[in-house]
Each structure stands twice: as C-alpha cells, then as structure tokens.
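All remarks here apply to the structure that follows.
Residue numbers (the working numbering): 11 to 286.
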C-alpha cells in the first residue's frame with residue numbers, strides 16, 4: 011500500500027466537527043462514475059471526518075480524478091492510497107488499516123449518496139449502543155416514488171424479522187471500526203470470494219445488532235446486475251435465507267467455499283465487467 015504525496019495527511023477533519031465517520035471508497039477504472047460519486051459524498055450535510063480513496067490498479071484516469079477531488083473536502087482528512095494487489099478485498103483491507111475514525115462507511119465508486127446519508131447513519135448508531143452496523147437500501151427510482159417507498163419499508167421490516175442476515179450490499183454498509191477489526195476485517199485468508207459484503211456482515215453480527223434504517227438509502231448503478239459471472243445461484247441465495255444463524259459458519263466456510271472454489275468465484279472476478 012502506498013499513499014499519494016499530493017493527498018497526504020490533510021488533517022482538517024476531526025477538530026472541525028465531522029461525524030466521526032470515515033468514508034472508505036475503493037475504485038478500479040471508474041473515471042466515468044468517480045466524479046459524481048465523490049461529489050455526493052462531498053455534499054453531505056454532516057461531513058465525514060476522513061476520506062480514504064483506494065486505487066486498486068486503475069489504468070484509466072480514476073486516480074488523477076481522485077487526487078483532484080481530494081482538495082474538495084475542506085473538513086476531512088483525505089488520503090488517496092494505492093493497493094497493487096488486484097481485488098476489492100485487498101483494497102478494502104488497505105483502506106481499513108488507514109482508518110482512525112470510530113465508524114467507517116464503505117462506499118462504491120458507482121453509487122450516489124443523498125446529502126443526509128452520513129447523518130442518518132450517525133443517528134442510527136446514536137439510538138442504540140449495541141448497534142454494530144447500519145446498512146442502506148439500494149434504490150433505482152426516486153426515493154419518494156411508490157416503488158422506492160415500498161422497498162425501503164420492506165427492507166426495514168425484513169431487517170427486523172430476519173435480523174441475523176444481510177439484506178444490503180457493499181455500496182451501503184457503515185460499521186463500528188473497532189468491531190470490524192475485531193472480527194478480522196477484510197482478509198483473503200478468511201474469505202477470498204465474491205459476496206464479501208454478506209460474509210463480513212455475518213462475522214459482524216456475532217458482535218451485536220445490525221439495523222436497516224428507513225432513512226438510509228443510496229442509488230447504486232444498475233449495471234452490476236448484468237454480471238452473472240459474480241453472482242450466486244437462486245438455490246444458494248434461498249439456502250442462505252433458510253440457514254439458521256447458528257449454521258451460517260457452515261454455509262459460508264464449508265458449503266459456499268467448496269462450491270465457489272470449483273466455480274472460481276474469487277473476489278478478483280469483480281474486476282471482470284461486461285458493461286462499457
């Protein structure tokens with residue numbers, strides 16, 4: 011892991027009243043999306059305390075864009091890191107090692123975040139000290155549309171009923187930093203496959219509660235659904251929901267591990283894209 015000279019240690023954040031939330035955003039060849047995503051994070055009503063952007067070996071203009079955008083967070087400590095090992099899990103591990111804030115928001119480079127995003131997460135943690143993570147609902151229509159309102163209500167309800175499962179993705183997960191580290195963080199030795207967002211939530215759930223606030227949502231790009239090479243099967247998904255929490259270790263580390271090893275669903279597969 012190396013750090014950008016131009017973006018090193020912009021230590022303006024915590025002393026100026028940030029949220030105590032670090033933004034951790036890994037990216038790989040996202041020059042088309044990165045400016046818009048960073049702009050939505052810069053426009054937060056409650057600004058982050060630090061911003062960690064991790065370049066995972068981009069060959070386009072993504073890194074230059076990240077470095078140029080770094081100066082636009084006047085109240086945050088901003089760093090642009092490089093993780094040369096290919097794979098999102100390595101970028102997340104490098105970024106997490108650099109976090110000093112008590113909370114960390116994992117963000118995707120192709121996702122847009124509403125201005126209240128960090129404020130909603132902060133409020134959810136403040137409501138319950140036993141909450142170890144708050145997860146966002148992914149929306150693909152206007153947040154006040156009937157479709158989005160129904161989905162937000164459904165995820166909030168399902169999150170209460172099936173509380174020991176993950177109902178969100180890596181685009182919208184905010185954790186207590188100490189808990190994320192205590193459960194092992196992101197490690198290829200622990201989980202080298204895709205679906206790292208569900209597996210990490212499984213480990214975090216051993217330390218406390220996970221919540222799905224109605225007010226916490228974001229707009230991921232819909233392109234990811236086209237990449238069948240990185241998705242689990244319907245049978246695997248159904249079994250995930252039917253497996254009791256006491257057997258989730260078996261589900262991930264025996265059942266899925268064996269199947270996905272045969273199908274070579276390694277985390278690095280996320281770099282293979284079938285969109286422009």
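Each residue gets a CB set at the ideal place from its N, CA and C atoms; glycine is no exception.
Span of the alpha helix (DSSP H) around residue i
i: residue 77; result: 72-80
i: residue 191; result: 187-192
i: residue 46; result: 44-52
i: residue 276; result: Note, residue 276: premise wrong, no alpha helix (DSSP H); not H, not E.
i: residue 99; result: 98-108
Residues bridged to residue i (per DSSP)
i: residue 228; result: 148
i: residue 33; result: 61, 115
i: residue 88; result: 61
i: residue 268; result: DSSP lists no partner for residue 268.
i: residue 183; result: 116, 145
i: residue 203; result: 276
Beta-carbon separation (whole angstroms), residue i vs residue j, contact threshold 8 Å
i: residue 240; j: residue 280; result: 6 Å
i: residue 32; j: residue 62; result: 6 Å
i: residue 251; j: residue 156; result: The Cβ separation is near 25 Å, so there is no contact.
i: residue 44; j: residue 76; result: 6 Å
i: residue 142; j: residue 214; result: 5 Å
i: residue 228; j: residue 121; result: 5 Å
i: residue 175; j: residue 127; result: Residue 175 to residue 127, Cβ: 23 Å. No contact.
i: residue 148; j: residue 230; result: 5 Å
i: residue 226; j: residue 131; result: 6 Å
i: residue 258; j: residue 212; result: 5 Å
i: residue 2; j: residue 129; result: This structure leaves residue 2 out entirely; the chain is present only between 11 and 286.
i: residue 68; j: residue 30; result: Not really, about 29 Å apart at Cβ, beyond 8 Å.
Range of the contiguous beta strand (DSSP E) that encloses residue i
i: residue 247; result: Not the beta strand (DSSP E): residue 247 falls in the alpha helix (DSSP H), residues 244-252.
i: residue 214; result: Note, residue 214: premise wrong, no beta strand (DSSP E); alpha helix (DSSP H) at 206-214.
i: residue 220; result: 219-221
Closer than 6 Å: residue i CB and nearest the ligand GDP heavy atom
i: residue 223; result: Absent from the structure shown: the ligand GDP. Ligands present: none.
> Between the region 219-229 and the region 165-174, are three or more C-beta pairs nearer than 8 Å?
Replying inline: The region 219-229 vs the region 165-174: in contact.
>> Count Cβ pairs between the region 69-84 and the region 38-45 that sit closer than 8 Å; are there 3 or more?
In response: yes
> Which runs of the beta strand (DSSP E) fall wholly inside the region 113-161 and span at least 3 residues, in chain order?
Replying inline: 113-116, 141-145
> Touch check for the region 177-188 and the region 77-86: three-plus C-beta pairs under 8 Å?
Replying inline: Taking one beta carbon from each stretch, the region 177-188 and the region 77-86 have fewer than 3 pairs nearer than 8 Å; the two do not touch.
> Are at least three pairs of beta-carbons, each pair with one atom in the region 86-100 and one in the region 121-138, less than 8 Å apart?
Replying inline: no
>> Under 8 Å, with one C-beta from each stretch per pair, do the region 246-256 and the region 191-198 reach the 3-pair mark?
In response: no
>> Three Cβ pairs or more, each shorter than 8 Å: is that satisfied between the region 204-211 and the region 157-164?
In response: Taking 8 Å as the limit for Cβ pairs, the verdict is that the region 157-164 does not touch the region 204-211.
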